[in-house]
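Here it is in structure tokens:
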């Protein structure tokens, strides 16, 4: 696997999730931060590990059959 396949930029993550990049940025700057864990590479570049995104998505999952 290519190392570029394991990380998403803000724009790539937004595209994957079907949201605007501004939403991803807002999650990141919320107090406390929301959304998947991230790595701030520089002041203008943030990346997200595929495994962190997958784990975060799993945590967001709700099963209508078990909802009370």
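Residue numbers (my numbering): 514 to 581.
The beta carbon of each residue, even a glycine, is placed where N, CA and C say it ideally should be.
The structure presented is a predicted model; accordingly, all values stated were derived computationally and were not measured.
For the alpha helix (DSSP H) containing residue i, list its first residue and its last residue.
i	result
residue 538	534-542
residue 563	563-573
residue 522	Premise fails: residue 522 lies in the beta strand (DSSP E), 520-522, not in any alpha helix (DSSP H).
Our contact map puts residue i next to residue j with C-beta atoms below 8 Å; I'd like the distance itself, whole angstroms only.
i	j	result
residue 560	residue 554	6 Å
Use the C-beta contact count for residue i: other C-beta atoms within 10 angstroms, 16 or more gives buried, fewer gives exposed.
i	result
residue 579	exposed
residue 542	exposed
residue 570	exposed
residue 523	buried
residue 573	exposed
In the DSSP assignment, the beta strand (DSSP E) including residue i goes from what residue to what residue?
i	result
residue 553	552-555
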